[in-house]
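Colleague: In this note's numbering, the protein residues as written are 8 to 84.
1. In whole angstroms, what is the alpha-carbon distance linking residue 80 and residue 38?
2. To which residues of the same chain is residue 17 closer than 6 Å at the C-beta, ignoring the five residues directly before and after it?
3. Quick check on residue 10: does DSSP put it in helix, strand or coil?
4. Buried or exposed: which applies to residue 51, given that a residue is buried once 16 or more other Cβ atoms fall within 10 Å of its Cβ?
5. Residue 34 to residue 19, Cα distance in whole Å?
6. For a test of the three-state rule: what should DSSP assign to residue 15, helix, strand or coil?
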């Protein structure tokens, strides 16, 4: 989720993910991915590399990696 003026990342929409059927482990993995992307002070390339390494065992992260790869305008950080 993004909020504020200027816009800043504020967290993961856990309630929406729960409604979509994500289980507790998947939610934890997504929260961890959020921390890697937004709170670890890594460059985007380095954060992406960490997510790529986790994606084989955490398939829900593959969607995030794919989004980062396809993005033409990057992400708000």
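Glycine included, C-beta positions come from ideal geometry on N, C-alpha and C.
Modeller: The answer reads as follows:
1. If you take the alpha carbons of residue 80 and residue 38, they lie about 23 Å apart.
2. Listed in chain order, the non-local C-beta contacts of residue 17 below 6 Å within the same chain comprise 8 and 10, local neighbours out to five positions each way being set aside.
3. Reduced to three states, the DSSP call for residue 10 is strand.
4. Classification of residue 51: exposed, given that the 10 Å Cβ count is below 16.
5. Spanning the two alpha carbons is a distance of roughly 9 Å.
6. DSSP places residue 15 within a strand segment (E or B) once states are collapsed to three.
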